[in-house]
Amino acid sequence: MFDWASDRCNDEDIPDLPARAYRDADGNVHLIAPHYRAIPFVGATLDTVKRECKVVLDSHHNPDPAAFDDREWLASVYTLDGRNVVGFVEDEYWGSTHPGQCPSGDFNRCWYSTITTADSTDGGNSFTHATPPGHFFAQIPARYVPDSGRRGIAVPSTIVRNPADGYYYLALQVNDSSGRYPGVLLRTRTPDKPGS
8 MFDWASDRCN DEDIPDLPAR AYRDADGNVH LIAPHYRAIP FVGATLDTVK RECKVVLDSH
68 HNPDPAAFDD REWLASVYTL DGRNVVGFVE DEYWGSTHPG QCPSGDFNRC WYSTITTADS
128 TDGGNSFTHA TPPGHFFAQI PARYVPDSGR RGIAVPSTIV RNPADGYYYL ALQVNDSSGR
188 YPGVLLRTRT PDKPGS
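See below:
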């Protein structure tokens, strides 16, 4: 489906998380296999989607770890009507790329991940988020600390709805050296309202 040598839009166009798909209000399938620049595949079916070299959510490379706005992977999407799309974003803070945020200079000692949200009102042709940190959704119970290792909450799953209880569920991976938090399961009745 994706041959990096011939299909990439740029050299950093590297699918890096599990692919997620949805159908928009016009019947088009949008497949997102994210990197920190979200570039979708779009087509009539999953078998016919093609790479569109249009970024629908870009990263902002914000040096403030409390802004939750560094490298942004549009990792999970959900829509009820094909026009309004809720996105859950894996925001990775790369301290080693920001002066003064990683004394060791070691990428793996200065990596911190949180989950933020982004929304589309045009069927997924573009996503925006609230002014940081207003788009914040979830994190481990510790903030970014330079040189503390790979820590955070990451890789939002596909969002599923349980018709028996009316809740939407989202699973998250936890990176925490203590081992106390192997994963997290979140639920809500309103996925379009963070914090619900």
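Be aware that the sequence shown starts at 8, since it is given in my numbering, and climbs by one per residue.
Ideal Cβ positions, reconstructed from N, Cα and C, are used throughout, including at glycine.
Quantities reported herein were computed from a predicted structural model and do not represent experimental measurements.
Open item on the list: Judging by CA-CA distance, which residue of Ala12, Ala28, Pro41 and Thr135 is the nearest neighbour of Glu99?
Closed with: For Glu99, the closest alpha carbon among the candidates Ala12, Ala28, Pro41 and Thr135 is that of Pro41.
- [ ] Check Arg157 in the structure and name its three-state DSSP category.
- [x] coil
Open item on the list: Are the CB atoms of Phe75 and Pro140 within a distance shorter than 7 Å?
Closed with: yes
Open item on the list: Going by DSSP in three states, Arg90 sits in which element: helix, strand or coil?
Closed with: coil
Open item on the list: As an exercise, report each continuous beta strand (DSSP E) stretch of at least 3 residues that is fully enclosed by the region 56-80, in chain order.
Closed with: none
- [ ] Throw me the rounded Cβ distance for the Leu64 and Phe134 pair, which I believe falls under 8 Å.
- [x] Under the criterion of beta carbons closer than 8 Å, Leu64 and Phe134 qualify as touching, at roughly 4 Å.
- [ ] Give the range of the alpha helix (DSSP H) segment to which Ser120 is assigned.
- [x] For Ser120, there is no enclosing alpha helix (DSSP H); the residue is part of the beta strand (DSSP E) that begins and ends at Trp118 to Ser127.
Task: At least 3 beta-carbon pairs within less than 8 Å: the region 142-159 vs the region 67-82 - done: yes
Task: Residues sharing a beta bridge with Ser83, DSSP - done: Phe95
Task: DSSP-derived helix/strand/coil call for Ala149 - done: coil
- [ ] Please name the residue or residues paired with Trp11 in a DSSP beta bridge.
- [x] When beta bridges are read from the DSSP output, Trp11 appears opposite no residue.
Open item on the list: Per the DSSP calculation, Ile39 is bridged to which residue(s)?
Closed with: Arg27
Task: Nearest-angstrom beta carbon gap, Thr128 and Phe95 [assumed within contact, 8 Å] - done: That belief does not hold up - the Cβ atoms of Phe95 and Thr128 are roughly 17 Å apart, past 8 Å.
Open item on the list: Taking the beta carbon of Thr121 as the centre, do at least 16 other beta carbons fall within 10 Å, making it buried, or is it exposed?
Closed with: buried
- [ ] Identify the continuous beta strand (DSSP E) that holds Thr195 and give its terminal residues.
- [x] Judged by DSSP secondary structure, Thr195 falls within the beta strand (DSSP E) whose first and last residues are Gly190 to Thr195.
Open item on the list: Quick check on Phe114: does DSSP put it in helix, strand or coil?
Closed with: Helix at Phe114.
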